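Colleague: Structure in structure tokens, see below.
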Amino acid sequence: MISAEELISERVMLKRDRFFAVSARDGSMKPDEFLGDGLWWGDTRILSAFRVHINGKEPQPVGLQADDSSATFELDANGLQVTRVRFLESGIREEITVANRAETTADVVLEIEIGADFAAMLGIRGAVPQLASPAPIAPSEAAGGVRFARAGHATRVTAVPEGFLHRRRLGPGEDFTLHVDVALEPDMPSAAFEPALRAARDVYPRWAEDCMSVRTDNPALNQLLEQATADVRMLCDSYETGMYPTAGLPWFAVPFGRDALITSIFLLPVNPELARG
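Here it is in structure tokens:
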């Protein structure tokens, strides 16, 4: 079992409805380094590896900004500035920008490494050890990218501009941007990156507007209450019947009937839609 302390200190987690992502603080997903890294849909990992290489090496983390809906990873690649902006929609939406801030021209090779194994959460949690390390799946070509498929699940990874290997010569002040989308078929991204990012960031303010609010004369307590309200939304999945609270992120981010009933009852004064769902 992976300790909570290790998760909090070393990993960055995002969740939106039934999708959640676990990565290192540089945005990379390396299951050989951290068993639970990847993009998850419910109790199944639909992407197990996601790494960026610049001129054959992984950039080094220099900064991280994360909120309830998105994460921005600031990296350095031997003087080149690399920025990864990530949020979740029907999977991962990511914008990778390589910028040359030097006064000389730079030759850049940007390579994206991806992989999928469709691991079971019970294996990652250690409950069923024989399920912990399934063999990676070989990708097949698909429109705009590649496809991984196993046992009724299929993950499609696309890039714009197309391809996961790009060579660019960047003059002083120039940059190059690559958009990478990871989706569980048949869903695919429905909007351009920026509008979709704004929509993702609107989820929590809209939720807060629909919830009961409590204001006190203590700013620290107000902030705690606001974050608690946002955390409840983060733990919820959306179904046709409505919102359904899951048990906990990441390894219990699945429905538990008893826990959901207790949570919904306690939160009736805050937002009765949970009980309805």
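Residue numbers (the working numbering): -18 to 258. Ideal Cβ placement from N, Cα and C applies to all residues, glycine included. Treat the numbers as computed from the prediction; the structure is a model and nothing was measured.
Going by C-alpha distance, which of PHE157, GLU75, GLY144 is nearest ARG82?
Modeller: Selected option, being the one with the closest Cα: PHE157.
Colleague: Would you kindly work out how many angstroms separate the C-alpha atoms of ILE118 and GLU166, rounded to a whole number?
Modeller: Distance between the alpha carbons of ILE118 and GLU166: 16 angstroms.
Colleague: For VAL251, which residues from the same chain have a beta carbon less than 6 angstroms from its beta carbon, with the 5 sequence-adjacent residues on both sides left out?
Modeller: Answer for VAL251: CYS192, MET193, listed in chain order.
Colleague: Leaving out five residues before and five after ALA123 in sequence, what residues of the same chain have Cβ atoms less than 7 angstroms from its Cβ?
Modeller: Taken in chain order, the residues that qualify are ARG137.
Colleague: I'd like the list of long-range same chain contacts for PHE1, defined as Cβ closer than 7 angstroms, with 5 residues on each side in sequence excluded.
Modeller: Closer than 7 angstroms at Cβ, skipping near neighbours: MET(-6), LEU(-5), TRP21, LEU230, PRO231, ALA234.
Colleague: In angstroms, rounded to a whole number, what distance separates the CA positions of PRO115 and GLU190?
Modeller: C-alpha separation (whole angstroms): 43 angstroms.
Colleague: Considering GLY19, what are the terminal residues of the beta strand (DSSP E) in which it resides?
Modeller: Unbroken beta strand (DSSP E) run through GLY19: 19 to 22.
Colleague: With DSSP as the reference, please indicate the residues paired to PRO226 in a beta bridge.
Modeller: The partner list for PRO226 (beta bridge, DSSP) reads CYS217.
Colleague: On the premise that VAL163 lies in contact with ALA140, defined as a C-beta separation below 8 angstroms, what is that separation, rounded to the nearest angstrom?
Modeller: In fact, because the Cβ distance is near 10 angstroms, the residues do not count as touching under 8 angstroms.
Colleague: According to the Cβ coordinates, are SER29 and ALA97 closer than 8 angstroms?
Modeller: The answer is yes: Cβ separation under 8 angstroms.
Colleague: Less than 8 angstroms between C-beta atoms, sequence neighbours within five positions excluded: which residues of the same chain meet that for ALA132?
Modeller: Result list for ALA132: PHE99, in chain order.
Colleague: When burial is assigned at 16 or more other CB atoms within 10 Å of the CB, is THR85 buried or exposed?
Modeller: By the neighbour-count rule (16 or more Cβ atoms within 10 Å), THR85 is not buried but exposed.
Colleague: If I'm right that ILE35 touches LEU61 with Cβ under 8 angstroms, what's the distance once you round it to whole angstroms?
Modeller: Yes, ILE35 and LEU61 are in contact; Cβ-Cβ is about 6 angstroms, under 8 angstroms.
Colleague: With burial defined as no fewer than 16 other Cβ atoms inside 10 Å of the residue's Cβ, what is the status of PHE247: buried or exposed?
Modeller: Exposed: under 16 other Cβ atoms inside 10 Å.
Colleague: With DSSP as the reference, label PRO42 as helix, strand or coil.
Modeller: Of the three classes helix, strand and coil, the one that applies to PRO42 here is strand, per DSSP.
Colleague: Spatial neighbours of PRO128 within its chain, please: C-beta separation below 8 angstroms, excluding the five flanking residues on both sides.
Modeller: Going by the sequence as given, residue 128 is Arg instead of Pro. Once the five neighbours on either side are set aside, the close Cβ partners of ARG128 are PRO120, SER121, GLU122, ALA135, THR136, ARG137, VAL138, GLU166.
Colleague: What's the C-alpha gap between GLY23 and ASP88?
Modeller: Cα to Cα, GLY23 sits roughly 41 angstroms from ASP88.
Colleague: Any Cβ of chain B within less than 8 angstroms of the Cβ of ASP98?
Modeller: Among the chains of the structure shown, chain B does not appear; only one protein chain is present.
Colleague: Below 8 angstroms between beta carbons: does that hold for GLY258 and MET224?
Modeller: Yes, these two residues count as a Cβ contact at 8 angstroms.
Colleague: Since I believe VAL3 is in contact with ILE93 (beta carbons under 8 angstroms), could you give me their beta-carbon distance rounded to a whole number of angstroms?
Modeller: 18 angstroms between Cβ atoms; not a contact.
Colleague: Looking at C-alpha atoms only, which residue of ALA201, GLY37, GLY126, LEU16 is the closest neighbour of MET169?
Modeller: Nearest of ALA201, GLY37, GLY126, LEU16 to MET169, Cα basis: GLY126.
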